[in-house]
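Take a look at the structure below.
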Amino acid sequence: MTGANKEYKILLIEDDEIMLKVTERILLKEGFKVIVAQNGKEALQKVEEKDYDMVITDLMMPYANGFEIISKIKGDSYGANIPIIIVSSLGNEDSIMEGFRLGVDDFLKKPIMAGELLIRVKRLLARKL
Amino acid sequence: MLLLEAFFAPFFRRYFYYFDSYPLVIQIAIFLTVVAIVSTVIAYASILYRRYRGSRHDKKIARINPLLDEILTESIILNDDLAEGKPVEEIPLPLEKFDRPRFKTPFARQAIIERLIHYRKNFSGDIGLLLRKLYIELGLEKESFGKLKSFKWDRKVKSLIELTAMDMSIADVNILPLTNSKNRELRAEARHAYIKLSKNEPFKFFDVVSEPLLMWDQLELFKIITTTKDISIPNFARWVTYSSNKSVVAFCLKLIVHYNQQEAVPSIIKLLDNKDHYLRSNAINALGKLKADEAEDKLVQIYSSQPLDCQLEILKAIGRMGTGKNLTFLRQEFLRSSDFDIRKNAAKSIISHKQHSEEMLGELLDTATAENKLILKHCMNPLIKY
Chain A
27 MTGANKEYKI
37 LLIEDDEIML
47 KVTERILLKE
57 GFKVIVAQNG
67 KEALQKVEEK
77 DYDMVITDLM
87 MPYANGFEII
97 SKIKGDSYGA
107 NIPIIIVSSL
117 GNEDSIMEGF
127 RLGVDDFLKK
137 PIMAGELLIR
147 VKRLLARKL
Chain B
2 MLLLEAFFAP
12 FFRRYFYYFD
22 SYPLVIQIAI
32 FLTVVAIVST
42 VIAYASILYR
52 RYRGSRHDKK
62 IARINPLLDE
72 ILTESIILND
82 DLAEGKPVEE
92 IPLPLEKFDR
102 PRFKTPFARQ
112 AIIERLIHYR
122 KNFSGDIGLL
132 LRKLYIELGL
142 EKESFGKLKS
152 FKWDRKVKSL
162 IELTAMDMSI
172 ADVNILPLTN
182 SKNRELRAEA
192 RHAYIKLSKN
202 EPFKFFDVVS
212 EPLLMWDQLE
222 LFKIITTTKD
232 ISIPNFARWV
242 TYSSNKSVVA
252 FCLKLIVHYN
262 QQEAVPSIIK
272 LLDNKDHYLR
282 SNAINALGKL
292 KADEAEDKLV
302 QIYSSQPLDC
312 QLEILKAIGR
322 MGTGKNLTFL
332 RQEFLRSSDF
342 DIRKNAAKSI
352 ISHKQHSEEM
362 LGELLDTATA
372 ENKLILKHCM
382 NPLIKY
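Each protein sequence line maps, in turn, to chains A and B.
Positions 27 to 155 (the working numbering) are the ones given, in order, by the first sequence.
Positions 2 to 387 (the working numbering) are the ones given, in order, by the second sequence.
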């Protein structure tokens, strides 16, 4: 599985430096290629490059929040079928509903389990095939 | 010292000579000016000192955190044994990596605690358990428990936050008195910690609450109770029946409604005979929200002997129950009363009966006075709530 994962590029958007580094390391260890963005502005630039197979995003970030980024991705023909996972400490009904309304595929509330994140990532990527 | 006195004495003597010769108003003005200048200087000096201390703290944190991140990421988050599914208790921890002089200062140990908490906020499951194991094996829980004994309330709060985040159990004898503290922050944090950490009876502090639970306390507690995972929710009827603190009873009524504890209805009905109208109105409100229609007849029966707040709650409760049994009573109150609130709530309850009250509503709209028609039309707006 690790070898096969090398083909997938995951855009990881997270403003918490630790969470970003650790999640990046977890994904790299599984063989995924990871593109990171540490705020909304950087994320929007990376989204423009259209070079990713999946997006994992936080919601509360400086410059642009997660919902704005998701709308941008889903509003584009390239991003329309890209799986998106929200990883956020916002776990209220409104945020979850808004996320799914915009077309996200999964929602993980912090604190997360590393193993659970990996299973969800792999399952969504397998479904994409 | 003598030299100083010899130098300054003539200086002050000269100025005091002038000061004494001024009129009283000028003397007061000079005095106030001096006080203002000295206070400003002290305030600026204190701000500068705090900023200096803050920036020194930030610099030290910036130096130590990358080292901690490196160790924690390598040894805990990406632990190979963990990835292989080995039980957390059997995974050896790299305690030797922390056996360095720079990690032994109180500052560094506090930084480690804060970093571990930060990681635990982001990662749960086995990673969270391994972080907790590290916290214990490094003996950091002793630092947290030590702060709990401090005389300063902010250190106690810090300790409670740390122990709660690390899921450490605290003896009742240490925490229960804090749930009654006069300091609001400490009280709230102690209650939070008690609910989260007490495995068997997370609501035991309801038994020892001596002061009234303020509205703000109730809001905070409600948030803590309804958002804390894995707590056993008791039957709150226990406090409705036995608590002598009426704010606890009122708060438990809200929790009964939130958790839809139908088994508590008989205890709430007994509250209708309580002498305190505040408790009665809360009980009636809860009965309505629980749609406890077995209490409907009793509510109508006691209506005429109740004060206004209870009467309004009875009208709302009948509307919420919506059985249709007491529509005539609602109609009578709507037409009879001269009180605007009574008429408004009776109208809203008639309308909330939907198909049961269609005919009555039509008749009232045809025959009511202009003012009553206005009330009815206002209440028919679905955006208008009780």
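Glycine is no exception: its CB is placed at the ideal position from the N, C-alpha and C atoms.
Looking only at its own chain, which residues have a Cβ that is under 7 Å from the Cβ of residue i, when we skip the five neighbours before and after it?
i, result
"I138 (chain A)", "V113"
"S306 (chain B)", "none"
"I234 (chain B)", "Y260"
"H278 (chain B)", "P308, D310 and C311"
"T324 (chain B)", "D294 and E297"
"S97 (chain A)", "L128"
"N65 (chain A)", "D41, M87, P88 and Y89"
"K76 (chain A)", "Y104"
"I351 (chain B)", "L328, L331, R332, F335, S358, M361 and L362"
"C380 (chain B)", "K345, A348, K349 and I352"
"A265 (chain B)", "N236, F237, A238, V241 and I257"
"K1 (chain B)", "Not covered by the structure: residue 1 (chain B). The range shown for chain B is 2 to 387."
"I303 (chain B)", "L273"
Got a sec? Which residues, its chain only, sit under 8 Å from residue i by beta carbon, not counting five neighbours each side?
i, result
"N346 (chain B)", "L313, L316, K317, G320 and Y387"
"T180 (chain B)", "R188, A191, R192, Y195, F206, V209 and V210"
"P24 (chain B)", "none"
"R146 (chain A)", "I111, D132 and L134"
Can you give the beta carbon distance from residue i to residue j, rounded, assuming they're within the 8 Å contact cut?
i, j, result
"I82 (chain A)", "L38 (chain A)", "5 Å"
"F108 (chain B)", "K61 (chain B)", "6 Å"
"L164 (chain B)", "L135 (chain B)", "In fact, because the Cβ distance is near 15 Å, the residues do not count as touching under 8 Å."
"P213 (chain B)", "N246 (chain B)", "7 Å"
"E186 (chain B)", "W154 (chain B)", "7 Å"
"F103 (chain B)", "A166 (chain B)", "Reading the sequence as shown, one finds Arg at residue 103 (chain B) and not Phe. The pair is not a contact, with the Cβ atoms about 24 Å apart (cut-off 8 Å)."
"G92 (chain A)", "D84 (chain A)", "6 Å"
"K20 (chain B)", "Q28 (chain B)", "Sequence inspection shows Phe at residue 20 (chain B); the Lys mentioned does not correspond to that position. Correct: roughly 6 Å between the Cβ atoms."
Determine the burial state of residue i: buried for a count of at least 16 other Cβ atoms within 10 Å of its Cβ, exposed for fewer.
i, result
"P203 (chain B)", "buried"
"T41 (chain B)", "exposed"
"V36 (chain B)", "exposed"
"E360 (chain B)", "exposed"
"G140 (chain B)", "exposed"
"V249 (chain B)", "buried"
"R54 (chain B)", "exposed"
"T370 (chain B)", "exposed"
"Q262 (chain B)", "buried"
"T34 (chain B)", "exposed"
"N286 (chain B)", "buried"
"F152 (chain B)", "exposed"
"V60 (chain A)", "buried"
"M322 (chain B)", "buried"
"G125 (chain A)", "buried"
"L49 (chain B)", "exposed"
"S39 (chain B)", "It should be pointed out that residue 39 (chain B) corresponds to Val in this sequence rather than to Ser. Classification of V39 (chain B): exposed, given that the 10 Å Cβ count is below 16."
How about residue i and residue j: do their beta carbons lie closer than 9 Å?
i, j, result
"I114 (chain B)", "S145 (chain B)", "yes"
"M45 (chain A)", "K154 (chain A)", "no"
"I78 (chain B)", "I128 (chain B)", "yes"
"M169 (chain B)", "E142 (chain B)", "yes"
"I108 (chain A)", "D79 (chain A)", "yes"
"L280 (chain B)", "L291 (chain B)", "no"
"L366 (chain B)", "L377 (chain B)", "yes"
"K35 (chain A)", "F58 (chain A)", "yes"
"V48 (chain A)", "T106 (chain B)", "no"
"L131 (chain B)", "N80 (chain B)", "yes"
"L288 (chain B)", "I270 (chain B)", "yes"
"L1 (chain B)", "I226 (chain B)", "What is shown of chain B runs 2 to 387, which leaves residue 1 (chain B) out entirely."
"G141 (chain A)", "G126 (chain B)", "yes"
"E91 (chain B)", "D82 (chain B)", "yes"
Looking only at its chain, what residues have a beta carbon closer than 6 Å to the beta carbon of residue i, apart from the 5 residues adjacent to it on each side?
i, result
"S115 (chain A)", "K136"
"T242 (chain B)", "S268"
"S244 (chain B)", "V250"
"A69 (chain A)", "I39, A63 and I95"
"E221 (chain B)", "A189"
"D274 (chain B)", "none"
"L94 (chain B)", "L135 and E138"
"S76 (chain B)", "P95"
"E372 (chain B)", "none"
Provide the residue(s) that pair with residue i in DSSP beta bridges, ordered along the chain.
i, result
"A63 (chain A)", "A:I39"
"T83 (chain A)", "A:I39 and A:I112"
"D132 (chain A)", "A:I111"
"I138 (chain A)", "B:F124"
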